[in-house]
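Residue numbers (the working numbering): 16 to 274. Below: the structure, in structure tokens.
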């Protein structure tokens, strides 16, 4: 994706209600808009939540005055789950217990608001985390089908870990293949949009280690990527590369998307 177009999309996404209209305006799949919003939300939280945590007593005072957790999350532009976590900490109530069993809380008000917070948070709630894991599995399933269809031998991350390997790619190819004139020895599946920040992070954390171990690889950013990314000798692809599995690709793009 062209960087200028990406920036326009990025700046147009502020809330879950923007996903449908932004997808239509820029003629992209809603799943792509949703994923970009998700990553934008994570970036924003990283920059502001530490400061907000220091204002815990003030936030608790507002909650005691009658403001709901969802309202306060909206006022501070943070996911409702994180605001709930902050209030729970000030009340000395374990987050794990409150999130897993909100109905068991002594306060009926708190129980109701924790439930609402979890239901209204599309990016940081336990359910959102589970959906992201499922997206990852769907992406890996498509790559596995592609490898088998092309009769390419591979070892999965689980198999590699059984061999006590660390820093393992999703798929290691015992015999490298040639793709677009390049030798490829591993494949990494990412159920995200490949922006510059994410790509630099994973290049340092993962891809460079895989390269040292066995050479260049194929990185799949399922929801697209910026055309300005430095490939460092690797190949970068997104969902159109796997068009022969259109049904499963559409399932992945649509999975868990709220418009």
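Cβ coordinates follow ideal geometry from the N, Cα and C atoms, glycine included. Source: prediction; values computed, not measured.
Handout entry: Segment contact, 8 Å Cβ cut-off, at least three pairs: the segment 178 to 192 with the segment 200 to 215
Key = The segment 178 to 192 vs the segment 200 to 215: in contact.
Handout entry: Check whether residue 234 and residue 220 have beta carbons under 9 Å apart
Key = Position 219 of the chain shown, counted from the start, is the residue given in the question as residue 234. Position 205 of the chain shown, counted from the start, is the residue given in the question as residue 220. No, the Cβ-Cβ distance between residue 234 and residue 220 is not below 9 Å.
Problem - First and last residue of the uninterrupted beta strand (DSSP E) at residue 201 - result: Along the chain shown, read from residue 1 onward, the residue named residue 201 stands at position 186. 197 to 205 is the span of the beta strand (DSSP E), which, as asked, contains residue 201.
Exercise for the section: Might you give, ordered along the chain, the residues of its own chain that have their beta carbon closer than 8 Å to the beta carbon of residue 232, omitting 5 neighbours on each side? Expected result: Indexing the chain shown from 1 puts residue 232 at position 217. So the list reads 184, 199, 200, 201, 202, 203, 222, 225, 226, 249, 250, once near-sequence residues are dropped.
Exercise for the section: Could you check the C-alpha separation between residue 96 and residue 39 for me, to the nearest Å? Expected result: Counting from one through the chain shown, the residue named residue 96 turns up at place 81. Counting from one through the chain shown, the residue named residue 39 turns up at place 24. Those two C-alpha atoms are separated by around 29 Å.
Handout entry: Which residues DSSP lists as bridging residue 236, in chain order
Key = Here residue 236 is taken as the residue at index 221 of the chain shown, counted from 1. Looking at the DSSP assignment, residue 236 forms a beta bridge with 205.
Exercise for the section: State the start and end residues of the unbroken alpha helix (DSSP H) segment that holds residue 62. Expected result: Residue 62 sits at position 47 when you count from the first residue of the chain shown. 45 to 68 is the extent of the alpha helix (DSSP H) around residue 62.
Handout entry: Extent of the continuous alpha helix (DSSP H) to which residue 267 belongs
Key = For the purposes of this step, residue 267 is identified with residue 252 of the chain shown, where counting begins at 1. That run of the alpha helix (DSSP H) goes 261 to 269.
Exercise for the section: Put residue 193 into one of helix, strand or coil per three-state DSSP. Expected result: One-based indexing of the chain shown puts residue 193 at position 178. Residue state, collapsed to three classes: strand.
Exercise for the section: Output the boundary residues of the alpha helix (DSSP H) element that contains residue 157. Expected result: For the purposes of this step, residue 157 is taken as residue 142 along the chain shown, with counting starting at 1. Where residue 157 is concerned, the enclosing alpha helix (DSSP H) starts and stops at 141 to 164.
Problem - Buried or exposed (CB count within 10 angstroms, at least 16 for buried), residue 174 - result: Locating residue 174 in the chain shown gives position 159, counting from the first residue. The residue in question, residue 174, is exposed, as its Cβ has fewer than 16 Cβ neighbours within 10 Å.
Exercise for the section: Using the Cα positions of residue 145 and residue 70, report the straight-line distance between them to the nearest angstrom. Expected result: Taking the first residue of the chain shown as 1, we reach residue 145 at position 130. Taking the first residue of the chain shown as 1, we reach residue 70 at position 55. Each residue's alpha carbon lies about 30 Å from the other.
Exercise for the section: State yes or no: is the C-beta of residue 24 within less than 9 Å of the C-beta of residue 63? Expected result: Residue numbering aside, residue 24 sits at position 9 when the chain shown is read from its first letter. Residue numbering aside, residue 63 sits at position 48 when the chain shown is read from its first letter. For residue 24 and residue 63, no; Cβs fall outside 9 Å.
Problem - Secondary structure of residue 181, DSSP reduced to three states - result: Taking the first residue of the chain shown as position 1, residue 181 is located at position 166. If DSSP states are grouped into helix, strand and coil, residue 181 belongs with coil.
Practice task
Give the DSSP bridge partners of residue 186, in chain order.
Solution key: Translated into positions along the chain shown, residue 186 becomes position 171. Answer is 171, 202.
Exercise for the section: Could you check which residue in 237, 260, 263 has the C-alpha nearest to that of residue 48? Expected result: Working through the chain shown from its first residue, we reach residue 48 at position 33. Closest option to residue 48, Cα to Cα, is 237.
Exercise for the section: Please confirm whether residue 74 and residue 67 have their CB atoms less than 9 Å apart. Expected result: As a working mapping, residue 74 is identified with position 59 in the chain shown. As a working mapping, residue 67 is identified with position 52 in the chain shown. Going by C-beta atoms, residue 74 is nearer than 9 Å to residue 67.
Practice task
With a threshold of 16 other CB atoms inside 10 Å of the CB of residue 164, please say whether the residue is buried or exposed.
Solution key: Residue 164 sits at position 149 when you count from the first residue of the chain shown. Exposed.
Handout entry: Residues that residue 252 bridges to, as DSSP identifies them
Key = Residue mapping note: residue 252 aligns to position 237 of the chain shown, counting from 1. Note: residue 252 sits in a beta bridge opposite 235.
Handout entry: Inter-residue Cα distance where the pair is residue 266 and residue 160
Key = Looking up residue 266 in the chain shown gives position 251. Looking up residue 160 in the chain shown gives position 145. Cα-Cα distance, rounded: 15 Å.
Practice task
Leaving out five residues on either side along the sequence, give the residues of the same chain with a beta carbon under 6 Å from the beta carbon of residue 247.
Solution key: Working through the chain shown from its first residue, we reach residue 247 at position 232. Around residue 247: no qualifying Cβ.
Handout entry: residue 157 versus residue 181: straight-line alpha-carbon distance, rounded
Key = Counting from one through the chain shown, the residue named residue 157 turns up at place 142. Counting from one through the chain shown, the residue named residue 181 turns up at place 166. Whole-angstrom Cα-Cα distance: 24 Å.
Problem - Close beta carbons around residue 117, own chain, < 7 Å, minus the five adjacent residues each side - result: Position 102 of the chain shown holds residue 117. If we look at residue 117 and ignore the five residues flanking it on each side, its Cβ neighbours are 126, 129, 130.
Exercise for the section: Kindly indicate which three-state DSSP category residue 214 falls into: helix, strand or coil? Expected result: Your numbering for residue 214 matches position 199 in the chain shown. DSSP places residue 214 in helix when its eight states are reduced to three.
Exercise for the section: Note down, in chain order, each residue of its chain lying with its Cβ closer than 8 Å to the Cβ of residue 195, except the 5 sequence neighbours on either side. Expected result: As a working note, residue 195 is residue 180 in the chain shown. Around residue 195: 250.
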